[in-house]
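Below: the structure, in structure tokens.
In the working numbering, the protein residues as written are 60 to 183.
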């Protein structure tokens, strides 16, 4: 659960930073101390549903949106990386098709040579 809390904490921190709010400001709005809020952001504190709901409401999100939030820079990075991987895959598919064609040509040549050899042996 700590890994999940850490991910949620990172999401909360990213959201707080997009609003240019300090930990103290958010903590005050939540009715907790700044150190307690810091522990939430760092994933050191288990977050119950009511606290998640309170934080989500503060940022104008649903709990699901808060849990799955990724900032735009991360999204762009992931999209860019995904696009590069798609291009690599497309290039690899082209290479595979080229190699398959070469294999077919070689197999046909092998088959032709074997037939010629068999005919030559039969003629002897």
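Just so you know, even glycine gets a beta-carbon here, dropped at the ideal spot from N, CA and C.
Going by other Cβ atoms of all chains shown within 10 Å of its Cβ, with 16 needed for buried, is residue 75 buried or exposed?
By 1-based counting over the chain shown, the position of residue 75 is 16. Buried, by the Cβ-count rule.
I need the DSSP call for residue 104, collapsed to helix, strand or coil.
Here residue 104 corresponds to residue number 45 of the chain shown, with the count starting at 1. Residue 104: coil per DSSP, three-state reduction.
Spatial neighbours of residue 72 within its chain, please: CB distance less than 7 Å, with the 5 preceding and 5 following residues excluded, ordered by chain position.
For this step, residue 72 is matched to residue 13 along the chain shown. So the qualifying residues of the chain are 100.
Have a look at 80, 157 and 125 and flag the residue whose alpha-carbon is nearest the alpha-carbon of residue 66.
As a first step, residue 66 is located in the chain shown; it is residue number 7 there, counting from the start. Ranking 80, 157 and 125 by Cα distance to residue 66 puts 125 first.
Check whether the Cβ atoms of residue 128 and residue 79 lie closer than 8 Å to each other.
Translated into the one-based positions of the chain shown, residue 128 becomes position 69. Translated into the one-based positions of the chain shown, residue 79 becomes position 20. Not in contact: residue 128 and residue 79 (Cβ atoms no closer than 8 Å).
Taking Cβ positions, are residue 85 and residue 96 nearer each other than 8 Å?
Residue numbering aside, residue 85 sits at position 26 when the chain shown is read from its first letter. Residue numbering aside, residue 96 sits at position 37 when the chain shown is read from its first letter. For residue 85 and residue 96, yes; Cβs fall inside 8 Å.
At the level of alpha carbons, what is the spacing between residue 168 and residue 153?
Your numbering for residue 168 matches position 109 in the chain shown. Your numbering for residue 153 matches position 94 in the chain shown. Cα-Cα distance, rounded: 23 Å.
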